[in-house]
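Numbering (the working numbering), first residue to last: 1147 to 1457.
C-beta atoms are modelled at their ideal positions from N, C-alpha and C, and glycine is treated no differently.
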């Protein structure tokens, strides 16, 4: 498959200010923003890429790690000749947004993370099973369509009734190369124990954080936030953390009117937003003890052994 990236955009305003780039989640596409983009397009030129391996974009033979996706998005921003941009990321797209912040902090004006990955290790059992290097590559090509339907219906009670959108997503995810991209993406950030990559832990390396808003659904069963948000809020001072009580994993679809208005207000350049700062970690937290190092080493050894068996 080609390396092309398919992009949609709405609105022709705000060429003089930052254009929001909306990043979708794992196994999704730009269509996830179908209720958000029209609202933001009243004030901005809104950019909606399909990440590589997703939607209508190409499925190249690539590593599909978070760092790689961040590099691709940085190149995408360069290709659009954008000096700075707002970034809105959902789920895995929120993880990409965090790595983009680590890679190119000066390019981001404001950031909105929606049910993002990378705040803690917690993740659904289905995604942990999908990370198994022996099972996933064998089963994924046959289950991408079914898995897409299960994920969308599990993530949102609202989406269960949207058969056309679910069928569209399942069809796109059954395209050649999708299973390889999915397996590599999952194995790059998840293992049998949960999420393995937490960019949030590295935010102290960013000299100046952009204004930041974190949105999550109280009913989220894909990336549970009961522990993650409290831990993240204790680390970052000045970021806005907002819970949507009636939403699952897709608050931008389940409570779309509220979400669109709140994000448009947060991105409004005429309204100043506070810059968050990272609270310094205690030395004992920054330097894991011997038991923690042992657990990490054992986890890496298990993953390496499973990959060797799958080879």
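First and last residue of the uninterrupted alpha helix (DSSP H) at residue i
i: residue 1190; result: First-last for residue 1190: undefined, no H or E at that position.
i: residue 1232; result: Taken as a continuous stretch (DSSP letters only), residue 1232 belongs to no alpha helix (DSSP H), being part of the beta strand (DSSP E) at 1231-1236.
i: residue 1403; result: 1402-1413
i: residue 1186; result: 1183-1186
i: residue 1205; result: Careful: residue 1205 lies outside any alpha helix (DSSP H) and carries neither H nor E.
i: residue 1312; result: 1309-1319
Bridge partners - residue i, DSSP secondary structure assignment
i: residue 1383; result: 1423
i: residue 1215; result: In DSSP, residue 1215 forms no bridge with anything.
i: residue 1108; result: Residue 1108 is absent from the model: the chain starts at 1147 and stops at 1457.
i: residue 1362; result: 1389
i: residue 1247; result: In the DSSP output, where bridge partners are listed per residue, residue 1247 has none listed.
i: residue 1167; result: 1193 and 1233
i: residue 1260; result: 1236 and 1361
Within 8 Å, strictly: CB atoms of residue i and residue j
i: residue 1177; j: residue 1372; result: no
i: residue 1295; j: residue 1261; result: no
i: residue 1245; j: residue 1225; result: no
i: residue 1228; j: residue 1165; result: yes
i: residue 1363; j: residue 1333; result: no
i: residue 1382; j: residue 1353; result: no
i: residue 1254; j: residue 1356; result: yes
i: residue 1242; j: residue 1169; result: yes
i: residue 1388; j: residue 1361; result: yes
i: residue 1359; j: residue 1396; result: no
i: residue 1249; j: residue 1231; result: no
Among the options, nearest to residue i - alpha-carbon criterion
i: residue 1351; options: 1215, 1167, 1425 and 1236; result: 1425
i: residue 1328; options: 1362, 1355 and 1273; result: 1273
i: residue 1385; options: 1376, 1229, 1336 and 1263; result: 1376
i: residue 1264; options: 1364, 1368, 1222 and 1194; result: 1368
i: residue 1202; options: 1339, 1324, 1359 and 1268; result: 1324
i: residue 1406; options: 1180, 1222 and 1387; result: 1180
i: residue 1196; options: 1345, 1318 and 1346; result: 1318
i: residue 1331; options: 1189, 1198 and 1190; result: 1198
i: residue 1346; options: 1379, 1326 and 1370; result: 1379
i: residue 1171; options: 1326, 1194 and 1390; result: 1194
i: residue 1268; options: 1255, 1366, 1221 and 1173; result: 1366
i: residue 1205; options: 1391, 1173, 1190 and 1221; result: 1173
i: residue 1414; options: 1256, 1240, 1339 and 1398; result: 1256
i: residue 1416; options: 1175, 1360, 1190 and 1311; result: 1190
i: residue 1167; options: 1252, 1214, 1339 and 1258; result: 1258
i: residue 1192; options: 1200, 1309 and 1223; result: 1223
i: residue 1200; options: 1370, 1175 and 1252; result: 1175
Minimum Cβ-Cβ distance from residue i to chain C less than 8 Å
i: residue 1326; result: Among the chains of the structure shown, chain C does not appear; only one protein chain is present.
Limits of the beta strand (DSSP E) - the one that residue i falls within
i: residue 1368; result: Note, residue 1368: premise wrong, no beta strand (DSSP E); not H, not E.
Using 8 Å as the cut-off, can you tell me whether the segment 1178-1193 makes contact with the segment 1396-1413, which would need three or more C-beta pairs spanning the two stretches below that distance? yes
Check whether the segment 1226-1237 and the segment 1194-1212 touch, using three or more Cβ-Cβ pairs below 8 Å as the test. no
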